[in-house]
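Quick notes on the structure that follows.
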Amino acid sequence: MRRRTGSRLLRQEAQMKYPLLFSPIQINRMVLKNRIVMTAMHLGYTPGGTVTERLVEFYALRAKGGAGLIIVGGNAVGLETALYLASQGTLSPEVLHFLMVNKAESPDTIEKLLNHGNKEVCVVEMTRKLGQDIGSSTRWTVMAELKRLGVKTITGAEAIEVAEDGLRIQKEARQELLPADSVVIAVGSKPENALASLNALVPELYIIGDAKKPRNALEAIREGFLTGIAI
């Protein structure tokens with residue numbers, strides 16, 4: 176009796192939070208039962224679609240800006256973040272076209288503007304090798320882009336503390352303070368699967384991609400494909 180009452184209350188609460196998930200879908204004369212496919216959720220939004228404090232804090236820090244940036248974590252996420260930040264302030268295709276057509280700058284100046292943004296970016300990685308989770312057919316292009324954009328890299332160093340004026344690291348037996356305006360943490364991932372609690376309340380619920388376990392895009396696409404076939 177307790178289980179039934181608890182299950183009923185849980186279902187009522189879920190219906191209030193997610194009313195559309197429990198309403199049959201009707202297309203012309205067809206009535207389709209609900210199926211939930213749960214993929215990774217953006218950490219900036221709640222399951223109900225409202226903005227989280229985390230997203231507000233992110234844009235507040237982004238508005239603060241700063242030219243010196245340190246990325247903690249040298250795998251795929253950290254390196255992609257470094258490339259994105261290092262490319263800020265480089266020439267866009269439209270501006271490049273304008274400068275070339277009108278011969279407004281010398282070739283040397285254009286090359287410099289293409290390869291150097293308005294931020295100094297440094298990647299700190301605890302292991303001895305960067306991009307260990309990137310495929311061999313892609314890793315070399317990432318490393319080449321890091322070099323082209325002037326991204327500094329430090330391997331074999333552990334992040335000890337985010338200080339007021341930078342990041343304190345330890346490399347071998349020596350500690351050092353790396354000056355920076357902002358520090359980006361790109362280490363560790365965990366699934367966001369708040370809707371998984373509805374598993375007992377709906378006919379079908381599938382958890383796929385990073386909502387199941389943080390991995391790579393190839394595995395997420397495969398799970399989405401197989402789930403689509405199953406449905």
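So the sequence shown is residues 176 to 406, counted in this note's numbering. All C-beta atoms in this analysis are idealised placements derived from N, C-alpha and C, irrespective of residue type, glycine included.
Cβ separation of residue i and residue j, assumed to be a contact under 8 Å, to the nearest whole Å
{"i": "Lys-294", "j": "Leu-260", "result": "6 Å"}
{"i": "Leu-353", "j": "Leu-342", "result": "5 Å"}
{"i": "Ile-329", "j": "Gln-350", "result": "Actually they are not in contact, since the Cβ atoms of Ile-329 and Gln-350 sit about 13 Å apart, beyond 8 Å."}
{"i": "Gly-306", "j": "Val-317", "result": "6 Å"}
{"i": "Ile-383", "j": "Ala-395", "result": "7 Å"}
Own chain partners of residue i with C-beta closer than 6 Å, once the 5 adjacent residues on each side are dropped
{"i": "Ile-246", "result": "Gly-253, Thr-256, Ala-257, Val-298, Val-359, Ala-361"}
{"i": "Pro-282", "result": "none"}
{"i": "Gly-264", "result": "Gly-292, Asn-293"}
{"i": "Arg-303", "result": "Thr-330, Gly-331"}
{"i": "Ser-372", "result": "none"}
{"i": "Val-337", "result": "Val-358"}
Residue nearest to residue i in terms of C-alpha spacing, selected from the options
{"i": "Leu-289", "options": "Leu-271, Leu-321, Ile-335, Ile-383", "result": "Leu-271"}
{"i": "Asp-308", "options": "Glu-320, Gly-249, Asp-356", "result": "Gly-249"}
{"i": "His-291", "options": "Glu-269, Glu-320, Met-205, Met-301", "result": "Glu-320"}
{"i": "Lys-327", "options": "Glu-300, Val-337, Ser-364", "result": "Glu-300"}
{"i": "Glu-333", "options": "Leu-393, Phe-400, Gln-345", "result": "Gln-345"}
{"i": "Asp-356", "options": "Leu-244, Met-205, Asn-203, Gln-263", "result": "Leu-244"}
{"i": "Pro-366", "options": "Leu-373, Asp-385, Glu-379, Pro-378", "result": "Asp-385"}
{"i": "Ala-348", "options": "Val-337, Asn-277, Gly-331", "result": "Gly-331"}
{"i": "Gly-363", "options": "Pro-378, Asp-340, Pro-389", "result": "Pro-389"}
{"i": "Gly-310", "options": "Asn-277, Ala-371, Leu-393, Lys-278", "result": "Leu-393"}
{"i": "Ser-198", "options": "Gly-399, Val-276, Pro-378", "result": "Pro-378"}
Chain-order list of residues whose beta-carbon lies under 7 Å from that of residue i (same chain, five-residue window excluded)
{"i": "Arg-397", "result": "none"}
{"i": "Ser-312", "result": "none"}
{"i": "Asn-277", "result": "none"}
{"i": "Asn-374", "result": "Leu-380"}
Beta-bridge pairing of residue i - partner residues as DSSP gives them
{"i": "Arg-343", "result": "Glu-336, Leu-352"}
{"i": "Tyr-259", "result": "Bridge partners of Tyr-259: none, in fact."}
{"i": "Val-206", "result": "Gln-201"}
{"i": "Ile-245", "result": "Cys-297, Val-358"}
Own chain residues within Cβ distance below 8 Å of residue i, not counting five before or after
{"i": "Asn-391", "result": "Ala-251, Asp-308"}
{"i": "Leu-266", "result": "Leu-274, Ile-285, Leu-288, Leu-289"}
{"i": "Arg-314", "result": "Gly-306"}
{"i": "Glu-280", "result": "Leu-274, Leu-288"}
{"i": "Gln-201", "result": "Leu-207"}
{"i": "Met-176", "result": "The pLDDT assigned to Met-176 is 37, lower than 50, so where the model puts this residue is not dependable, and the model offers no usable value."}
{"i": "Ser-262", "result": "Gly-292, Leu-324"}
{"i": "Glu-269", "result": "none"}
Quiz item: Where in the stretch 270-330 do unbroken runs of the beta strand (DSSP E), each at least 3 residues long, occur, reported from the N-terminal end onward?
Solution: 295-299, 327-329
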